[in-house]
Amino acid sequence: MSETTAVTATRTRIDAPAALDHLTGFGNHHATEAVAGALPVGRNSPQRAPLGLYAEQISGTAFTRPRGANARSWVYRIRPSAAHPPFRRIGNGDLRTAPFTEVEPDPNRLRWNACPIPDQPCDFVDGLFTVGGNGDAMTHAGIGVHWYRANRSMTDRYLVDADGELLLVPQQGRLLLDTELGRLQVGPGEIAVVPRGIRFRVELLDGSTRGYVCENYGAPFTLPERGPIGANGLANERDFRYPVAAYEDRDEPVQVVQKFGGNLWAADYDHSPLDVVAWHGTYAPYAYDLARFMTIGTISFDHPDPSIFTVLTSPTDTPGLANADFVIFPPRWLVGEDTFRPPWFHRNVMSEFMGLVHGVYDAKAEGFVPGGASLHNTFASHGPDAETYARASSVELAPQRVDDTLAFMFESRWTIVPTAGWRSTPFWPRGSRWETTSMCASRPRRACCSESSHRSSRG
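Take 1 as the starting number for the sequence shown in UniProt numbering and just add one per residue.
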């Protein structure tokens, strides 16, 4: 193929197949091209890139990070990404960024109903609503917790987040993520991660959508160490999907929205920013089907710590103390003997934001609905509700299948501070609480605590 012919070939849109081909392997060095010959061989930045394309490196980590933690990709695109007009400030809507100082941190257990999908036209960017967060985006520490809801696709609009990577947890409706490096499709029961600095567009496949977002300001998410579990289990590397190259060549007005320094900025491009024809590297968006998580649990007694359900972790300089963990509570078997099987009562140095994709969470029989959320901050006492406790402490134990459920948790070392907007929302049930009175009333008092036994013990 002559160079002239090849350049002409790049000037048409290459759609990914309907089944969306993908690459597999978490953290692998992937290589993919939408047009044969677009990837240079043996070098990253030749004097003249193939097919008249422009070579560009996207560095997700510092150049000098250790090889195992270094994340970067080389992309070969129709136009250099530097070819754009200046960005201008636009309104942030309901989007907020750490540090969160609007309201005081609340030590109480908090719970919210599902966030409604707006009646007015609303795309992914417009529908972002910040729950809260911690840390400081400017120093690359902490997380922002958001809700997304939308009823229309981003047809001529694109988003790039310079403050953090985005972990998307769909609760209702499927998403098609068109990114610079290709396309990913995810729906309820799956997750997607879009790295910091990668441009993308969200298309809706089911008319409307709703879900959760963890904006990770800290170290990129990675797989947790397995320790004594061994070489297999939890989220296995082979099950993570990465996009194959797919591009747009659109000479049409579009808007690129950039989240930078906690604010939204916009620039009016005269072309689509998704014009990468080929790429190779380790810095790319990915998706994962949570049904492929290999759950670990006891086959003897007691309830193991919930860290066994960790899918992804954003580490800090202190080993084992996460900037953020993404944890799930999927369908599983409970077989512990002489064991209170639901999650036990707990106070925790970590802060826990929980959401429910579908079904019922085994520690909350009432009041925790799909699309809803709860927040248990540092050392907030929490545990099963009264109905769950009464049932689980008296039931005749037999192997039990926990089915039709998928809850998750964003857990962080720092206190999660709700935003003022979130605290004032009409879908926050202020009366929600644990009814401990009924729990205690159903239990007989211990003899040693009775008044008569107390007198005799002193006598």
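Built from N, CA and C at the ideal position, the CB exists for glycine as well.
Worksheet item: Looking at the structure shown, is residue 239 part of a helix, part of a strand, or coil, going by DSSP?
Response: helix
Practice prompt. Select from 154, 264, 227 and 229 the residue whose C-alpha is nearest the C-alpha of residue 201.
Written response: 154
Discussion item. So, for residue 84: in the same chain, excluding its five sequence neighbours on each side, which residues have a beta-carbon less than 6 angstroms away from its beta-carbon?
Written reply: 267 and 269
Worksheet entry | Which of helix, strand or coil DSSP assigns to residue 138 | helix
Practice prompt. Could you tell me the distance, in whole angstroms, from the CA atom of residue 403 to the CA atom of residue 357?
Written response: 13 angstroms
Practice prompt. Compute the beta-carbon to beta-carbon distance between residue 383 and residue 346, rounded to the nearest angstrom, for a pair I have assumed lies under 8 angstroms.
Written response: A Cβ-Cβ separation of about 6 angstroms places residue 383 in contact with residue 346 under the 8 angstroms criterion.
Fill in: residue 130, enclosing beta strand (DSSP E) - first and last residue
129-133
Worksheet item: Looking only at its own chain, which residues have a Cβ that is under 6 angstroms from the Cβ of residue 379, when we skip the five neighbours before and after it?
Response: 347
Worksheet item: DSSP state of residue 431, grouped into three classes?
Response: Because the pLDDT at residue 431 is just 41, under 50, the model does not fix this residue reliably, and the point stays unresolved.
Discussion item. I need the straight-line Cα distance from residue 39 to residue 243, nearest angstrom please.
Written reply: Distance between the alpha carbons of residue 39 and residue 243 is about 16 angstroms.
Worksheet item: How about residue 285 and residue 193: do their beta carbons lie closer than 8 angstroms?
Response: yes
Worksheet item: To the nearest whole angstrom, what separates the beta carbons of residue 271 and residue 250, a pair I think is in contact under 8 angstroms?
Response: 6 angstroms
Discussion item. My parser needs the beta strand (DSSP E) runs of 3 or more residues fully inside the UniProt domain "Homogentisate 1,2-dioxygenase C-terminal" (292-419); what are they?
Written reply: 310-314, 324-329, 332-334, 351-359, 373-376, 400-402 and 405-412
Discussion item. Nearest by alpha-carbon distance to residue 143: which of 422, 421, 43 and 417 is it?
Written reply: Residue 417 is the option with its Cα nearest to residue 143.
Fill in: Contacts around residue 355, its chain only, beta-carbon distance under 6 angstroms, and the 5 residues preceding and following it disregarded
212, 373 and 408
Worksheet item: Is residue 53 helix, strand or coil when you go by DSSP?
Response: coil
Fill in: Local Cβ density within 10 Å of residue 78, reported as buried at 16 or more and exposed below that
With at least 16 other beta carbons inside 10 angstroms of its own, residue 78 counts as buried.
Item to complete: Kindly indicate which residue of 157, 319, 66 and 151 has the alpha-carbon position closest to the one of residue 225.
Response: 319
Worksheet item: Which class does residue 465 belong to by DSSP, given the choice of helix, strand or coil?
Response: The structure shown does not extend to residue 465, since the chain is modelled only from 1 to 459, so the question has no answer here.
Item to complete: Indicate whether residue 389 and residue 60 have their beta-carbon atoms separated by less than 8 angstroms.
Response: no
Practice prompt. Could you tell me whether the Cβ of residue 106 comes closer than 8 angstroms to any Cβ of chain B?
Written response: The question asks about chain B, but that chain is absent: this structure has only one protein chain.
Discussion item. Please classify residue 151 as buried or exposed, where buried requires at least 16 other C-beta atoms within 10 Å of its C-beta.
Written reply: Buried, by the Cβ-count rule.
Discussion item. Please return the same chain residues whose Cβ sits closer than 8 angstroms to the Cβ of residue 433, not counting the five positions on each side in sequence.
Written reply: The predicted position of residue 433 is uncertain, since its pLDDT is 47 and thus under 50; no value can be drawn from it.
Item to complete: Can you tell me the Cβ-Cβ gap for residue 238 and residue 25, rounded? I've got them flagged as a contact below 8 angstroms.
Response: 6 angstroms
Fill in: C-alpha distance - residue 297 paired with residue 304, whole-angstrom precision
Computed Cα separation, rounded: 7 angstroms.
Practice prompt. Using a threshold of 8 angstroms, state whether the C-beta atoms of residue 196 and residue 162 are closer than that.
Written response: yes
Worksheet item: Secondary structure at residue 290, three-state DSSP: helix, strand or coil?
Response: The three-state reading of DSSP puts residue 290 in helix, counting H, G and I together.
Fill in: contact_flag[the segment 36-56, the segment 65-80] where n(CB pairs < 8 angstroms) is 3 or more
yes
Worksheet entry | Where the beta strand (DSSP E) through residue 284 begins and ends | Element bounds for residue 284: n/a, residue is neither H nor E.
Worksheet item: Between the C-alpha atoms of residue 235 and residue 41, what's the straight-line distance to the nearest angstrom?
Response: 33 angstroms
Worksheet item: Comparing alpha-carbon positions, which option in 263, 166, 287 and 172 lies nearest residue 314?
Response: 166
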